[in-house]
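Asker: Please read through the structure below; I'll follow up with questions.
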Amino acid sequence: MTPASTIHLSEEALDDVLIGLGSAESHAHLGACAECRSRVATIRGDIALFNAASMAWSESRRPQARVTESHAKRLPAAFLGWAAATFAVVVMAFSIWHVREENPANQANTRAVQQAQPGDSEAQIAQDNQLLEAVNAAISTDEASPVDEYRILESPSAHSKAHSKTRMK
Amino acid sequence: MISELEDIDELVRLHQARIRRFVTCSTGDPDLAETITQDTLLRAFRGRESFRGDCSLSTWLTGIAINVTRDHLRSGRYKFWKQLKATAVDVQEMASYLPSQAVSPERRMLAKERIKELYAVLEGLSYNQRTIFLMKFSEEMSVDEISEILGMAVNTVRTHLHRALKAVRNKLGAKI
Chain A
274 MTPASTIHLS EEALDDVLIG LGSAESHAHL GACAECRSRV ATIRGDIALF NAASMAWSES
334 RRPQARVTES HAKRLPAAFL GWAAATFAVV VMAFSIWHVR EENPANQANT RAVQQAQPGD
394 SEAQIAQDNQ LLEAVNAAIS TDEASPVDEY RILESPSAHS KAHSKTRMK
Chain B
12 MISELEDIDE LVRLHQARIR RFVTCSTGDP DLAETITQDT LLRAFRGRES FRGDCSLSTW
72 LTGIAINVTR DHLRSGRYKF WKQLKATAVD VQEMASYLPS QAVSPERRML AKERIKELYA
132 VLEGLSYNQR TIFLMKFSEE MSVDEISEIL GMAVNTVRTH LHRALKAVRN KLGAKI
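Sequence lines, in order, name chains A and B.
Each position in the first sequence, counted from 1, maps to that position plus 273 in the numbering used here.
Each position in the second sequence, counted from 1, maps to that position plus 11 in the numbering used here.
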């Protein structure tokens, strides 16, 4: 066998040692060769550093939501609780609405409000139409509209027609 | 049955950090790792009757974590969220967790650099190579155990390890 100091372990043999599949020859060489021992120690040291740091990092992490068996069992109970609370709120809202509807005083008030909104009288409609025509006249004069400066093609009469139709009966 | 498996709190206390570390380094996604770790522990607890004791509890849990990870990586849901929100390990932060030892600041800084370089090598490996490397060197599993858990021939496991170590050597090159 060649002296350990001149021939070192091949990369494959070195890797096999690291993997735990090193041959007896490789281990014998390591016993005699400080350089190869150092190479193995260096890579093991790097891996050990990585393992230590990554483990410490992992231990420092706090899970966002720790799920345990007991927690998993509690989930349906929590859901049922929320469902019951929602149902109670809905029942209460319905009850309040129902009581208000059945109350004669409330019904009378409702009817009074409905009766207080009669259809518009002829006079009122005529007054509104008069007002709208005045507005139409104001906006359909021959004066140039400020909008015309921007050369918008739509004519003001289109607007006036729309307005005039609003209250016509 | 092992008493740790009878108490979920004890199971979490003893194994959560190790599984989280493994899955985080394997997937490179700390958020996903959190979900997978919780799923793994819950699945282990629910299936504790199936633990036969023919390997260590750690090895058994790692095997479950690998299966859960595969399920997540295959799911379309994960792919969608991965595109939407990619999270990555902050290796600078991880390296800063180097346990404090009585070493000089210079040596500590060098150690951090080595950790970052090694993590960069792991990131560049294929998923299989990285997982096998972690199973061997972080989880300290034997080649036979890795072979059995992954359903992979011993020689294939060995080849993956050789490639991973070669990548490590190329990156850390002159120093090894």
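Quick reminder that beta carbons are idealized off the backbone N, C-alpha and C, glycines included.
This one's a predicted model, so the numbers in the text were calculated from it and none came from an experiment.
Hey, is Phe62/B's beta-carbon within less than 7 Å of any beta-carbon in chain A?
Answerer: Output row for Phe62/B: interface = no.
Asker: Compute the Euclidean distance between the alpha carbons of Tyr130/B and Ala122/B, then round it to the nearest angstrom.
Answerer: 12 Å
Asker: In chain order, what residues of the same chain lie with their CB nearer than 8 Å to the CB of Leu145/B, ignoring the 5 residues before and after it?
Answerer: Around Leu145/B: Phe33, Cys36, Ser37, Leu133.
Asker: By Cβ distance, which residues of its chain are closer than 8 Å to Val154/B, with the 5 residues on each side in sequence left out?
Answerer: Lys147, Val165, Val168, Arg169, Leu172
Asker: When you compare only the Cα positions, how much space is there between Glu21/B and Ala55/B?
Answerer: 12 Å
Asker: Using the rule of at least 16 other Cβ atoms within 10 Å of the residue's Cβ for burial, across every protein chain shown, is Trp71/B buried or exposed?
Answerer: buried
Asker: Of the residues Gly295/A, Cys306/A, Glu395/A, Ile320/A, which one's Cα is nearest the Cα of His281/A?
Answerer: Cys306/A
Asker: For Gly293/A, return the contacting residues in chain B, with the cut-off set at a CB-CB distance below 9 Å.
Answerer: Lys147, Ser153, Val154
Asker: Which class does Pro110/B belong to by DSSP, given the choice of helix, strand or coil?
Answerer: Correct three-state label for Pro110/B: coil.
Asker: Taking beta-carbon pairs under 9 Å, can you tell me which members of the segment 121-143 of chain B lie near chain A?
Answerer: Under the 9 Å Cβ criterion, the segment 121-143 of chain B contributes Ala122, Lys123, Arg125, Ile126, Glu128, Leu129, Tyr130, Leu133.
Asker: Consult DSSP for Ile280/A and reduce its assignment to one of helix, strand or coil.
Answerer: coil
Asker: With DSSP run on the structure shown, which of helix, strand or coil describes Asp401/A?
Answerer: Asp401/A falls in the helix class under three-state DSSP.
Asker: Measure the beta-carbon distance from Ala106/B to Ala326/A and round it to whole angstroms, keeping in mind my assumption that it falls under 8 Å.
Answerer: That belief holds up - the Cβ atoms of Ala106/B and Ala326/A are roughly 6 Å apart, short of 8 Å.
Asker: With the cut-off set at 7 Å, would you say Thr98/B and Ala76/B are in Cβ contact?
Answerer: Result no, Cβ atoms of Thr98/B and Ala76/B do not sit closer than 7 Å.
Asker: Hey, would you say Leu25/B sits closer than 7 Å to Glu15/B, going by beta carbons?
Answerer: yes
Asker: Which whole-angstrom value describes the C-beta separation of Arg125/B and Leu322/A, a residue pair presumed to lie in contact below a C-beta threshold of 8 Å?
Answerer: 6 Å
Asker: Measure how close the beta-carbons of Gln330/A and Glu104/B come, nearest whole angstrom, since I'm counting them as under 8 Å.
Answerer: In the sequence on display, residue 330/A carries Trp and not Gln. Contact flag correct, Cβ pair sits at about 7 Å.
Asker: Do you know offhand how far Arg31/B's Cα is from Gly64/B's?
Answerer: 22 Å
Asker: Pull up the distance between the alpha-carbon of Asp319/A and that of Leu294/A, whole angstroms please.
Answerer: The alpha-carbon atoms of Asp319/A and Leu294/A are separated by roughly 20 Å.
Asker: Can you check whether the C-beta of Pro110/B is within less than 7 Å of a C-beta belonging to chain A?
Answerer: Answer yes: the Cβ-Cβ gap between Pro110/B and chain A drops below 7 Å somewhere.
Asker: Looking at C-alpha atoms only, which residue of Ala286/A, Ala410/A, Ser333/A, Arg335/A is the closest neighbour of Arg312/A?
Answerer: Residue Ala286/A is the option with its Cα nearest to Arg312/A.
Asker: Check Val132/B in the structure and name its three-state DSSP category.
Answerer: In the three-state scheme derived from DSSP, where H, G and I count as helix and E and B as strand, Val132/B is classed as helix.
Asker: How many Å lie between Leu303/A and Leu176/B at the Cα?
Answerer: 18 Å
Asker: Give a yes or no on whether the C-beta atoms belonging to Glu332/A and Ala28/B are separated by under 7 Å.
Answerer: yes
Asker: Taking only beta-carbon atoms, is Asp401/A less than 7 Å away from chain B?
Answerer: no
Asker: Could you tell me which whole alpha helix (DSSP H) segments of length 4 or greater appear in the segment 14-49 of chain B?
Answerer: 19-38
Asker: Is the beta carbon of Ile160/B closer than 7 Å to that of Ile143/B?
Answerer: no
Asker: What residues of chain E sit near Cys66/B, judged by a beta carbon separation below 9 Å?
Answerer: The structure shown contains no chain E; its protein chains are A and B.
Asker: Measuring only the C-alpha atoms, how far is Met328/A from Ala357/A?
Answerer: Near 44 Å, if we compare the C-alpha coordinates of Ala357/A and Met328/A.
Asker: So with Cβ pairs under 7 Å, would you call Glu298/A a contact of chain B?
Answerer: No, Glu298/A does not count as interfacial toward chain B.
Asker: What separation, rounded to the nearest whole angstrom, lies between the Cα atoms of Ala297/A and Ser61/B?
Answerer: Linking Ala297/A to Ser61/B through their CA atoms gives a straight-line distance of about 39 Å.
Asker: Using the C-alpha atoms, what's the distance from Phe360/A back to Met163/B?
Answerer: The alpha-carbon atoms of Met163/B and Phe360/A are separated by roughly 55 Å.
Asker: Less than 7 Å between the beta carbons of Ser149/B and Asn324/A, yes or no?
Answerer: yes
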